[in-house]
Amino acid sequence: MVNVLKQYFPMIRTRGEVLKDISGNERLWELYLSWKEEQQKEFLDFCTGVKGVKILYDSFFKEVMDPDSAPERLEELLSLILDQNVKILTVLPNDSTRIADESSLVIMDIVIELADHSVANVEVQKLGYMFPGQRSACYSADLLLRQYKRVKSEKGKAFSYRDIKKVYTIIFYEHSPKEFRSCPECYLHRAAQRTNTGIRIDLLQEYAFIPLDIFHSILQNKGIRNKLEAWLTFLSADSPELIGQLIQEYPQFKKYYEEIYTLCTNVEKVMGMFSKELQQLDKNTVQYMIDEMQDELDAKLKELQESEERLEEQKGKLEEQKGKLEEQRGKIEQQRGKIEQQRGKIEEQQDLIAKQNAQLLEKDADLQASQEEIRRLKALLCGMEENRKK
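Throughout the sequence shown, residue numbering follows the working numbering, covering 50 to 439 in sequence.
Following this line, the structure appears as structure tokens:
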């Protein structure tokens with residue numbers, strides 16, 4: 050298989066050469082054996098040019114994008130992202146407490162002061178945090194407060210709020226939070242506070258969110274279309290073919306890759322950098338799983354509470370229906386009592402009618418007997434009358 054990158058960077062060594070250096074040093078060999086098999090393969094792949102180096106890892110990013118030794122690189126990238134001319138004045142100590150100690154998913158974090166004294170925080174998250182808006186707002190507020198304290202301390206009584214400059218929070222996501230997946234055609238989201246009336250109030254906090262997984266989906270379909278996309282390809286692509294295409298179209302990046310592969314010839318240093326990144330990634334994965342589990346737990350708790358509320362509502366309805374049934378049952382019992390009372394009266398009347406019918410039958414029998422007696426007497430009288438005439 051042709052090594053595409055070795056054609057551009059002859060200093061790239063073979064797998065055997067790298068392993069020879071590692072195995073010749075007992076400490077490095079123990080470190081190498083402590084890695085998982087896929088981690089060993091990843092390390093050898095980027096050292097030998099089988100894949101590109103993940104430049105967004107903190108150690109590698111600061112090596113090739115060092116704002117002290119080569120500020121023009123980060124300046125160009127930030128200028129493209131913020132759509133304005135950016136000049137770096139100095140790198141600020143990153144002493145943020147990361148509110149609630151939530152830095153574990155961050156694989157690169159750098160804070161710089163720009164020439165106009167505004168502050169930019171550039172960070173990379175391998176696994177995007179949940180609630181990205183809320184967290185970013187908290188980090189931005191933290192940056193703003195740090196600037197306020199620093200400037201107020203420097204200015205003393207001469208301090209004025211006009212001395213406080215903008216703070217930019219720029220976040221790259223290797224695997225973006227779900228919020229960004231609803232916009233699969235966009236890989237750069239800039240945000241700033243605005244009034245509904247259009248009046249200009251400088252509220253100081255601005256944001257740029259770059260979901261690199263979405264960028265790569267667009268890149269596969271449309272290729273590298275502009276300088277910003279060239280930079281994002283450099284920062285995140287590990288395909289040798291794509292790196293070769295980038296170098297052909299934007300030759301400036303060849304120098305940056307040369308620095309990286311020259312670094313890879315120093316096996317001890319690059320192993321130390323890689324090991325540091327692995328430790329951070331292990332911590333990231335654990336924290337991410339904790340966050341995921343907490344999110345699932347919160348969702349289940351909410352679902353349980355909603356179920357309890359629905360059950361209580363249904364219980365209330367059942368109690369109400371039970372009350373209505375009891376009321377209806379009472380009315381039925383009351384009607385049943387009236388019916389029984391009426392039935393008693395009917396039976397009493399039936400008994401009376403039966404007695405009256407019996408009496409009528411008796412009288413009818415007496416009447417028939419009387420009529421029979423009258424007929425007999427009439428016949429007797431007729432006989433006596435005939436005898437008398439004779």
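Even for Gly, the Cβ is constructed at its ideal location relative to N, Cα and C.
Three or more C-beta pairs under 8 Å: does that hold for the segment 103–110 against the segment 289–296?
Segments in contact, no.
Where DSSP assigns a beta bridge to residue 238, which residues make up the other side?
Here residue 238 is taken as the residue at index 189 of the sequence shown, counted from 1. Bridge partners of residue 238: 258.
Decide if residue 170 is buried, meaning its Cβ has at least 16 other Cβ atoms within 10 Å, or exposed.
For the purposes of this step, residue 170 is taken as residue 121 along the sequence shown, with counting starting at 1. Looking at its Cβ environment, which holds 16 or more other Cβ atoms inside 10 Å, residue 170 is buried.
Determine the burial state of residue 154: buried for a count of at least 16 other Cβ atoms within 10 Å of its Cβ, exposed for fewer.
Looking up residue 154 in the sequence shown gives position 105. Here the model assigns residue 154 a pLDDT of 49, short of 50, so the residue's position is not dependable and the matter cannot be decided.
I think residue 141 touches residue 124, with their Cβ atoms under 8 Å apart; what is that distance to the nearest whole Å?
For this step, residue 141 is matched to residue 92 along the sequence shown. For this step, residue 124 is matched to residue 75 along the sequence shown. Contact doesn't hold; Cβ gap of about 16 Å is too wide.
Is residue 171 near the ligand FMN, with its Cβ less than 7 Å from a heavy atom?
The model on display carries no ligand, and the ligand FMN is accordingly not part of it.
Going by C-alpha to C-alpha distance, which of 257, 66, 111, 316 sits closest to residue 131?
For the purposes of this step, residue 131 is identified with residue 82 of the sequence shown, where counting begins at 1. Comparing Cα positions, the closest option is 257.
Only counting runs of 4 or more residues, tell me where the alpha helix (DSSP H) segments fall wholly within the segment 117–146, in order along the chain.
The qualifying runs are 120–131.
Can you list, in chain order, the residues of its chain with a C-beta nearer than 7 Å to that of residue 146? Leave out the 5 residues immediately preceding and following it.
The residue labelled residue 146 in the question sits at position 97 within the sequence shown. The pLDDT assigned to residue 146 is 45, lower than 50, so where the model puts this residue is not dependable; a value taken from the coordinates is nonetheless given after this. Correct list: empty, nothing qualifies.
Return the chain-ordered ranges of every alpha helix (DSSP H) run that is complete within the segment 274–339 and spans a minimum of 4 residues.
Within the segment 274–339, the complete alpha helix (DSSP H) runs of at least 4 residues are 276–285, 289–298, 301–312.
Go through its chain and collect everything with a Cβ distance to residue 201's Cβ below 6 Å, but skip five positions before and after it.
The sequence position of residue 201 within the sequence shown is 152, counting from 1. Excluding residues within five positions, the ones whose Cβ falls inside 6 Å are 208.
Residues in the same chain with beta-carbon distance under 7 Å from residue 276, minus the five sequence neighbours each way, listed in chain order, please.
Residue 276 sits at position 227 when you count from the first residue of the sequence shown. Taken in chain order, the residues that qualify are 129.
Should the segment 66–73 be regarded as contacting the segment 316–326, the criterion being three or more beta carbon pairs within less than 8 Å?
Yes: at least three Cβ pairs fall under 8 Å.
Which one of 216, 278, 204, 269 has the shortest CA to CA distance from residue 33?
Outside the displayed span of the chain (50 to 439) sits residue 33, for which this structure offers no information.
Please determine, among 394, 166, 180, 426, the residue with the shortest C-alpha to C-alpha distance to residue 193.
Taking the sequence shown and counting its residues from 1, one reaches residue 193 at position 144. Closest option to residue 193, Cα to Cα, is 166.
What residue from 109, 420, 86 has the CA that sits closest to residue 307's CA?
As a first step, residue 307 is located in the sequence shown; it is residue number 258 there, counting from the start. For the residues 109, 420, 86, the minimum Cα distance to residue 307 belongs to 109.
Could you compute how far the alpha carbon of residue 225 sits from the alpha carbon of residue 265?
As a working note, residue 225 is residue 176 in the sequence shown. As a working note, residue 265 is residue 216 in the sequence shown. Cα to Cα, residue 225 sits roughly 12 Å from residue 265.
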